[in-house]
Structure formats: structure tokens, C-alpha cells
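*Asks:*
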Amino acid sequence: MPRPPCHELNNLLGKILGAAELALDAGPEAEVAAELQLIIELAEAAAGVVRGLDEARPEPALGAAGG
Amino acid sequence: MAKTVLLIDDDVDLLRQMATALAGSGYRVHVATDGASGLEQFKSVSPDLVVTDIIMPTREGIETIMGIKRERPDARVLAISGGYRVGPDDFLTLARHIGADDVLPKPFRLAQLVAAAARLLHAGPHVSAA
Chain A
1 MPRPPCHELN NLLGKILGAA ELALDAGPEA EVAAELQLII ELAEAAAGVV
51 RGLDEARPEP ALGAAGG
Chain B
1001 MAKTVLLIDD DVDLLRQMAT ALAGSGYRVH VATDGASGLE QFKSVSPDLV
1051 VTDIIMPTRE GIETIMGIKR ERPDARVLAI SGGYRVGPDD FLTLARHIGA
1101 DDVLPKPFRL AQLVAAAARL LHAGPHVSAA
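Protein chains in written order, with our numbering: chain A, 1 to 67; chain B, 1001 to 1130.
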């Protein structure tokens, strides 16, 4: 199955979110925790941008799976 | 006894992160990096829940879900995908149509994955939509 353009970006953002969450779970100092929280917020904002770009692109043909 | 979760995703970093989160929540976790080996593990492990990516090499997720449901119609499946649209629909809608019990679009928080797993595993007896 061909990978849609947003697929790789979403996987990357998922890994950034996951790394930040697991680092937060380890109980870092408050300053580090705040930076990790910011990373999570920024990754979620980026995910919204990717979603918007995907919705804005022309509808892919059936069977093309979005290229 | 701990519930068993089979994770299927070709992205090994994401697979490791999801496994860490679910194991940390008390689940016994098995992993596979493609649909073909995932289906093999499904047959040998008989997990309580399968979490599967959709876009994968060897055997993609839609085909994998169909294989799982053929094998065990009451198997609980959570489909995850970072690919959105295909034609007028999207991959996760397709996954629901062929039997996924719930879907989670990527990227997601690990906490969302754990919550979805808990919801599916603690839901009542499975009722097929068929």
C-alpha cells in the first residue's frame, strides 16, 4: 500500500510525543518537565497543521491511497 | 492475571514506546513489525487485544484485521494510522468497516493509547456488528 504524504510526518510526531511522555513519566526536575510539556504541546500543534494540509489537498483517487 | 496485548507496527521506535506504556500499565505485551508476523503471533498468543497499524509492509493492517477476525470473530482490535484519506474515506473508517472495535489516529498521546486499551479490555462481552 503506498504511503500517504502525511504518514511519515504523523509517525515522526507520534514518536516525539511518545519520547516526551516517557521522559515525563521518569519524573524529571520541574524545569525539564516544563520543556517536555512544551515539546508535547508543539508536537500536537504540528499534528494539527499536518491534518489541515491533508484535508486541503485534492481528494485522492480510490486505489491511489493518496500517493 | 495480566491481560495480553499484541502490538503490530512497522515503526520499531513507536512500537517500543507503545510497549513501554502498556507494560507500565500492567499489560503483558507482544510485538510484531508487520501484518504477516502479527497474524502468526495472534494465532500462537491469542491476545486479549490487538493494536495494529494500517500502512505496513508485507501484509497491511486492513488485511491483517480481516485475518484476525476470520480467525477469531470476537477478537478486540484497535486500529491506528497516520495516513488519512483514501478516496472519499480514510484508512481508519475502512478499518472500522471491516471490524476494528475502535480507532486512534496518529499521532496520539501514549496516555490515549492506554485509555483506549483499558476501554476495550474492560468493555462487556463482545457483540459483533454483523
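Idealized CB from N, CA, C, for every residue including glycine. All values derive from a computational prediction rather than experimental measurement.
Using the Cα positions of A/Leu-24 and A/Glu-44, report the straight-line distance between them to the nearest angstrom.
*Replies:* 16 Å
*Asks:* Does DSSP classify B/Pro-1105 as helix, strand or coil?
*Replies:* strand
*Asks:* Please report the distance separating the alpha-carbon of B/Asp-1053 from that of A/Asp-54.
*Replies:* 19 Å
*Asks:* Would the segment 1044 to 1061 of chain B count as touching the segment 1008 to 1016 of chain B if we require 3 or more Cβ pairs under 8 Å?
*Replies:* Short answer: they touch.
*Asks:* Quick one: what's got a C-beta closer than 7 Å to B/Val-1031's C-beta in the same chain, skipping five residues either side?
*Replies:* Leu-1007, Leu-1015, Ala-1019
*Asks:* How do the segment 1095 to 1113 of chain B and the segment 1072 to 1081 of chain B stand: do at least 3 beta-carbon pairs fall below 8 Å, yes or no?
*Replies:* yes
*Asks:* Cutting at 7 Å between CB atoms, please list the residues of its own chain near B/Ala-1021, excluding the five before and the five after it.
*Replies:* Leu-1110, Leu-1113, Val-1114
*Asks:* Say whether chain A places a C-beta atom closer than 8 Å to the C-beta of B/Gly-1067.
*Replies:* no
*Asks:* Check the C-beta distance from B/Ala-1117 over to B/Leu-1049 and give it rounded, since I have them as a contact under 8 Å.
*Replies:* 6 Å
*Asks:* Do you know whose CA, among B/Met-1066, B/Lys-1106, B/Asp-1034, B/Lys-1003, lies nearest B/Ser-1046's CA?
*Replies:* B/Lys-1003
*Asks:* Can a CB atom of chain B be found closer than 8 Å to the CB of A/Ala-47?
*Replies:* For A/Ala-47, the answer is yes, since a Cβ of chain B falls inside 8 Å of its Cβ.
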